[in-house]
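Scroll down for the structure; my scribbles are underneath it.
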Amino acid sequence: MAIDENRVREIVKEELESYFVKALAESVKELNLISQDLRQRQSAYDAKLDQALKELGELKEFVKNLAKVSEENTRATIELRKVSEENTRAIQELRKQTEENTKAIQELRMISEENTKAIQELRKQTEENTRAIQELRKVSEENTRAIQELRKQTEENTRAIQELRKVSEENTRAIQELRKQTEENTRAIQELRKQTEENTKAIQELRKQTEENTRAIARLERAVEKLVKAVDSLNNRVGGLENTFGLVIEDLVREKLPSWFRQQGVEVKEVSGKVVQFENKHLEFDFYVEQGNKVYLGEVKVTLRERDVKRFYSKVELAKKVLKDKEVVPVLVYRFKAKKEIPKELAKAYGIKLLKYMKGGVFVEV
């Protein structure tokens, strides 16, 4: 059974006060009796006056001692009250701390359960990512082989072009020499006939060489057409791969965004995209979250570039005209950065929050 210290102190105080009041009352009563006896028997007790005075002195000394004890008890009572108040405050603080610890334990249990669920989801997502990475590696190997073949074909075409340029330069010099020879032949008609035969042969050779050059250029044009088609096909395959990867990243980000919103004090169970219509334009956002007077408009990018920030800003500005009564918070999430620096200064100037999606579903504000 717990002992109430305050009640114990009050009982001790009451007992002390009762004892001192009773003792004082008895002393006063005794003094009154002595005084009455002295008045009634003054003549009879003259001989005993000295003895009575002596007893009165002892009684005064007793009263002084009693007053001194009473003061000490008063001080002790005050100290007891002070200690009692301090203990009361300490008990209140302990109760408050206990309540806070209880709440913290409940929150930790809740967080632990959420972490367990998140780990299970991450394991499942990791398995899916592993399969996707294996498929991407296979496609990447095929692309690598195709690029090597294209590089080899390009090198062959480059050598053919260099040879064609060399032959063309030789033909140019030959034509210049022919022009010079023609002028000399004009001045020497007699030598012209003989030289004409030689020039005819040279022209025939030039025609033959020109025909060969023409055929080589035709072959080169066909090779270039094949190269252009191969590059277009490669671009289409890479573009399709990038779109697929972008959809995967977009789904991952939407799945993990509720935890980031909870850190911002916004309770949301799931995040989804939405299309905002402005006049005849359909403004598509990867995620749309409305909480009270705030609206979070977001877009997810695999690789962040400066043009992405500018396009997103233009789209948000149009959406603000529709959401006139709302506080619009633009959020841009990305996974990788381009070769250049992240355009965070530009995003900051536009009032856009930049979030980098890290491994494990963590968002870092840039």
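Heads up: the sequence shown begins at 8 in my numbering, then just goes up one per residue.
The C-beta atom is built at its ideal place from N, Cα and C for all residues, glycine as well.
Would you list the one or two residues that DSSP bridges to residue i?
| i | result |
| --- | --- |
| Y26 | Paired residues: none, contrary to the question. |
| V302 | E297, V335 |
| V371 | K363 |
| V283 | L290 |
| F343 | T310 |
Looking at residue i and the ligand ATP, is the gap between the Cβ and the nearest heavy atom below 7 angstroms?
| i | result |
| --- | --- |
| K36 | Ligands displayed in this structure: none; no statement on the ligand ATP is therefore possible. |
Taking the CB atoms as reference points, tell me whether residue i and residue j lie closer together than 8 angstroms.
| i | j | result |
| --- | --- | --- |
| F292 | E274 | no |
| V296 | Y303 | yes |
| K263 | G368 | yes |
| K301 | V336 | yes |
| V329 | F285 | yes |
| Q188 | Q202 | yes |
In chain order, what residues of the same chain have a beta carbon less than 8 angstroms from the beta carbon of residue i, not counting five sequence neighbours either side?
| i | result |
| --- | --- |
| V371 | L362, K363, M365 |
| K333 | E297, N300, K301, V302 |
Can you tell me whether residue i is buried or exposed? The criterion is at least 16 other CB atoms within 10 Å of its CB, across all chains shown.
| i | result |
| --- | --- |
| R342 | buried |
| I256 | buried |
| F69 | exposed |
| L325 | exposed |
| L260 | Correcting the residue type first, residue 260 is Val in the shown sequence and not Leu. Buried. |
| L40 | exposed |
| L311 | buried |
Take residue i and list the residues in its own chain whose beta-carbon comes closer than 7 angstroms to its own, dropping the five residues that flank it on each side.
| i | result |
| --- | --- |
| S25 | none |
| A354 | V316, L339, L361 |
| K208 | none |
Using a Cβ-Cβ cutoff of less than 6 angstroms, which residues in the same chain neighbour residue i once the five nearest sequence positions on both sides are dropped?
| i | result |
| --- | --- |
| L38 | none |
| L351 | According to the sequence provided, residue 351 is Lys. The question's Leu does not apply to it. Answer for K351: L361, V373, listed in chain order. |
| K344 | L311 |
| Y357 | Y320 |
| A30 | none |
How about the segment 361-368 and the segment 274-284: do they share at least three Cβ pairs that are nearer than 8 angstroms? no
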